[in-house]
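Let me begin by presenting the structure, written as C-alpha cells, before commenting on it.
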Amino acid sequence: MGAPRTRELDCALCVVGAGIAGLNALWSAKPYLGGSDHVVVVDRRPVTGGMWNDAYDYVRLHQPHPMFTVGDLAWTGGRHRSHLATRAEVTDHLTRCAREVFDGLSLTRLLGTEYLSHDEVPTAGGASAVVHLRDAEGGRVRVRAKTLIKAFGFDVRRATPLPLASAAVRSVPPHDAALFDDDAPVFVIGSGKTAMDTVLELLRRRASREVRMIAGSGTVFLDRAKLCPPFPRSLLGGSTGFRIALDISRRFDGTNGREASDHLRDRYGLSLLPGARHNALGIASRAELDAVREGLREVTLGHLAEVRDEASGPIMQLLDGRARAVPEGSYLVNCTGYLDPQVAYEPFRSPGGAVLSVTPRSALHFLTTHGGFLLPHLHYRGELERLPLYELDTTLLRRRDKTAWASALYVHGLYNMAHILDALPASVLGTMGVNLDNWFPVARRLWDLAELKRRGRDHAARAKGVLDRLRAHHDGVRCGPLPR
Ligand SMILES: Cc1cc2nc3c(=O)[nH]c(=O)nc-3n(C[C@H](O)[C@H](O)[C@H](O)COP(=O)(O)OP(=O)(O)OC[C@H]3O[C@@H](n4cnc5c(N)ncnc54)[C@H](O)[C@@H]3O)c2cc1C
Numbered sequence: 006m007g008a009p010r011t012r013e014l015d016c017a018l019c020v021v022g023a024g025i026a027g028l029n030a031l032w033s034a035k036p037y038l039g040g041s042d043h044v045v046v047v048d049r050r051p052v053t054g055g056m057w058n059d060a061y062d063y064v065r066l067h068q069p070h071p072m073f074t075v076g077d078l079a080w081t082g083g084r085h086r087s088h089l090a091t092r093a094e095v096t097d098h099l100t101r102c103a104r105e106v107f108d109g110l111s112l113t114r115l116l117g118t119e120y121l122s123h124d125e126v127p128t129a130g131g132a133s134a135v136v137h138l139r140d141a142e143g144g145r146v147r148v149r150a151k152t153l154i155k156a157f158g159f160d161v162r163r164a165t166p167l168p169l170a171s172a173a174v175r176s177v178p179p180h181d182a183a184l185f186d187d188d189a190p191v192f193v194i195g196s197g198k199t200a201m202d203t204v205l206e207l208l209r210r211r212a213s214r215e216v217r218m219i220a221g222s223g224t225v226f227l228d229r230a231k232l233c234p235p236f237p238r239s240l241l242g243g244s245t246g247f248r249i250a251l252d253i254s255r256r257f258d259g260t261n262g263r264e265a266s267d268h269l270r271d272r273y274g275l276s277l278l279p280g281a282r283h284n285a286l287g288i289a290s291r292a293e294l295d296a297v298r299e300g301l302r303e304v305t306l307g308h309l310a311e312v313r314d315e316a317s318g319p320i321m322q323l324l325d326g327r328a329r330a331v332p333e334g335s336y337l338v339n340c341t342g343y344l345d346p347q348v349a350y351e352p353f354r355s356p357g358g359a360v361l362s363v364t365p366r367s368a369l370h371f372l373t374t375h376g377g378f379l380l381p382h383l384h385y386r387g388e389l390e391r392l393p394l395y396e397l398d399t400t401l402l403r404r405r406d407k408t409a410w411a412s413a414l415y416v417h418g419l420y421n422m423a424h425i426l427d428a429l430p431a432s433v434l435g436t437m438g439v440n441l442d443n444w445f446p447v448a449r450r451l452w453d454l455a456e457l458k459r460r461g462r463d464h465a466a467r468a469k470g471v472l473d474r475l476r477a478h479h480d481g482v483r484c485g486p487l488p489r
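See the structure below:
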C-alpha cells in the first residue's frame, strides 16, 4: 500500500475558522473577490458557527442580539432589539449568515477538517500561503491560497470538569445535565458570565437550591443600562464605547492599571461584591446581579486550589490557605474563564502579507468579531501596510497584569479605530453590524464621529503615548507596530 494521496486545492482565499469572526472575514473579503476566484472555508467542527455549537444550552448573549451578527445581516424573528438571544437563536442566526455569505461564491467547504500548519511562500506578485490540513478521515489536504485568513478566535473548547482529588464531590462542566436534575448543593467556581448564567439557571429550575460561589477576585461587569440604555434615555444618557475609551485614555497612563480599572468599575461597572476587581469586559444588568446575589447562599472571594477527602468529609482548600467543609455529593461547576487561551503568537499580518490572523495574541481589536470584519477590508485596500496600526498581545498582558488589561484594550481600540475610521469609507463601516455603539440613535453616533474627525489625531496621539508607556512598563508584551 502506498502513502495516502494528498488532495490539492488552489484558491484566491482560504478562511480557517467558521465562527462569527471567520464569517465576518469572509463577508468583508467577498466584495474584493473576482467572479472566478475560488474560496475554501475550513473548520475542525462539522458545522459553521464556532464555539456557540458547544456552549452550555442556557448561555445567552450578553449584548443585544442585533449587534452580534455577520456584516450588517439582520436577525429574523421579530424580537425586541434588547432581547438577549439564546444559544439556539445564535446558532440559527449564524447558520443563516453562513448561507448568505457563501451564496454566490465558488466555494469548497472543508468542515470537520483540522488546520495543521501553513507556509508563506514568495511569488512573483508578493507572497501566497500553502495550508496543510487533515480531514475527518485522516486524509491530508494541501491548499494553495493567495490569501489565508486564520480566525481561530480564543480557541474555545467545550468546558471540562476541574481535576479534583476528592471522590466524594462531583466536579462537572456547566453543560452537565445531572447538575440540574439533582438537589445536591452546588459550588459555582468563578464569577464571570458563565458563573452568572449557571447560578440563574440553577435558581430558575429550583429557587430553593443551595448554591454557593467561589468568586476568585470577583468579576466586574459593564453595566448594560450604561452601554445600551433604553430609548429615549439612549438619546442623551449612557456612554458609547467610543466615549468610554476616550475617558479611559485620559485616566490610564500605561502604568496605573489599578487606578484606571477602579475608575472603569466605579463609572461603568457592576459587581456582585463591592471588593470585586477583575474586569473581564462582560456585560450584565443590575437586575441579573441582584437575582444572583439574592439566590446565592454564600459568595467567597478566593481561588479554589483543591478538594480532598479527609476523615471528616471533603475539605475545600483555597489558594490563600483557607479551608472549608463541603457537603458530600456536592457539585463543583467549572465556570472559570476562557480568556487565557493557549494560542501561539502570530502577527495579524504576516511579513509577506499573504496571511491575516484574527488572534488575541496580536490583536487589531480585542474583539475577534471586530478584527474579523476589519482585517480583510484593510488588507484588500492596501491599508494594513500603510497605517501605523498597533498590535496588542492581550493574552500575555492579561497574564502579566490583569488590572491594566481592560483599560489597555479600550485605549488600543481607540488608537487603531482612529486610524481605521480615516482609512475606510463610511459605506464600509456602516456595514459593521457588531459595533455595539450601533445601539445608540444615529445622532449620538454622528456626534462621536464628528469628535473623531475634529480631534481624532489628538486622541490617537494620546492613546499612542499610553500604549508606548504600557510597552515600556510590561517588558516583552507586544504592544506596537508589527515587526517588519
Ligand atoms: C460561554 C461563552 C459565552 C460568550 N458570550 C459572548 C457574548 O454574549 N457576546 C460576545 O460578543 N462574545 C461572547 N463570547 C466570546 C465569543 O467567543 C465570541 O464573541 C465569538 O463567538 C468568538 O467568535 P470567533 O469566531 O472568534 O471564535 P469561535 O466561535 O471559537 O470560532 C473559531 C473557529 O475556529 C475553529 N478552529 C480553531 N482552531 C482550528 C484548527 N486548528 N483547525 C480548524 N478549525 C479551527 C474552531 O473550530 C471554531 O469553529 C462568549 C464566549 C464563551 C466561551
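To convert a position in the sequence shown, counted from 1, into my numbering, add 5. Where a beta carbon is used, it is the ideal one built from N, C-alpha and C, also for glycine.
Inter-residue Cα distance where the pair is residue i and residue j
i	j	result
Leu401	Val482	6 Å
Leu240	Ile288	20 Å
Ala172	Leu379	49 Å
Glu206	Ala189	15 Å
Leu28	Leu38	15 Å
Ala330	Leu169	15 Å
Leu457	Gly470	18 Å
Gly2	Pro332	One cannot answer for residue 2 here, as it falls past the ends of the chain, which runs 6 to 489.
Arg403	Gly461	28 Å
Pro51	Gly117	4 Å
Val126	Val360	11 Å
Glu119	Thr11	14 Å
Arg49	Arg162	11 Å
Tyr61	Pro234	28 Å
Pro145	Val21	The residue asked about is misnamed: residue 145 is Arg in this sequence, not Pro. The straight-line gap from Cα to Cα measures roughly 15 Å.
Asp160	Ser362	13 Å
Arg139	Leu115	10 Å
Ala265	Ile320	38 Å
Leu487	Thr199	34 Å
Cys19	Val64	31 Å
Residue burial classification, residue i (beta-carbon count within 10 angstroms, cutoff 16)
i	result
His85	exposed
Glu13	exposed
Val304	buried
Arg459	exposed
Gln68	buried
Leu251	buried
Pro179	buried
Val148	buried
Leu419	buried
Ser122	exposed
Leu232	buried
Ala413	buried
Those residues which DSSP pairs with residue i across a bridge
i	result
Met422	For Met422, which the question treats as bridged, DSSP gives no partner whatsoever.
His88	Looking at the DSSP assignment, His88 forms no beta bridge with any residue, so it has no partner.
Leu138	Tyr120 and Val146
Met218	Val193 and Val304
Lys155	Val21 and Ser362
Phe226	Leu275
Gln322	Glu311 and Ala328
Pro488	Pro488 is not bridged to any residue.
Leu337	Ser176 and Phe192
Ala368	Leu397
Cutoff 7 Å; reference residue i; Cβ partners in own chain excluding five residues on either side
i	result
Thr260	Arg474 and His478
Val433	His382
Glu311	Leu169, Ala170 and Gln322
Gly357	Glu125, Pro127, Gly131 and Ala132
Integer Cβ distance of residue i from residue j, believed to fall under 8 Å
i	j	result
Gly55	Gly158	6 Å
Phe247	Asp453	5 Å
Ala368	Thr399	5 Å
Leu324	His308	4 Å
Cys102	Val193	The pair is not a contact, with the Cβ atoms about 32 Å apart (cut-off 8 Å).
Val106	Val75	6 Å
Leu99	Thr53	6 Å
Ala129	Ala150	Going by Cβ atoms, the distance from Ala129 to Ala150 rounds to 16 Å, so no, they are not a contact pair.
Val191	Tyr336	5 Å
Beta-carbon contacts of residue i that lie in its chain and below 6 Å, excluding the five residues immediately before and after
i	result
Leu294	Leu275 and Leu277
Arg229	Ile288 and Ser290
Gly334	Ala189
Asp77	Thr436 and Gly438
Ala423	Gly461, His464 and Ala465
Leu301	Val216 and Met218
Arg256	Ala265 and His268
Close Cβ partners of residue i (< 8 Å) along its chain, the five nearest in sequence each way excluded
i	result
Thr374	Ile25, Ala26, Asn29, Phe73 and Val439
Gly223	Ser196, Ser276, Leu277, Leu278, Gly280, Ala281, Arg282, His283 and Leu306
Any non-hydrogen atom of ligand 3 within 6 Å of residue i CB
i	result
Ile25	Annotation note on ligand 3: not contained in the displayed structure, which lists ligand 1 as its ligands.
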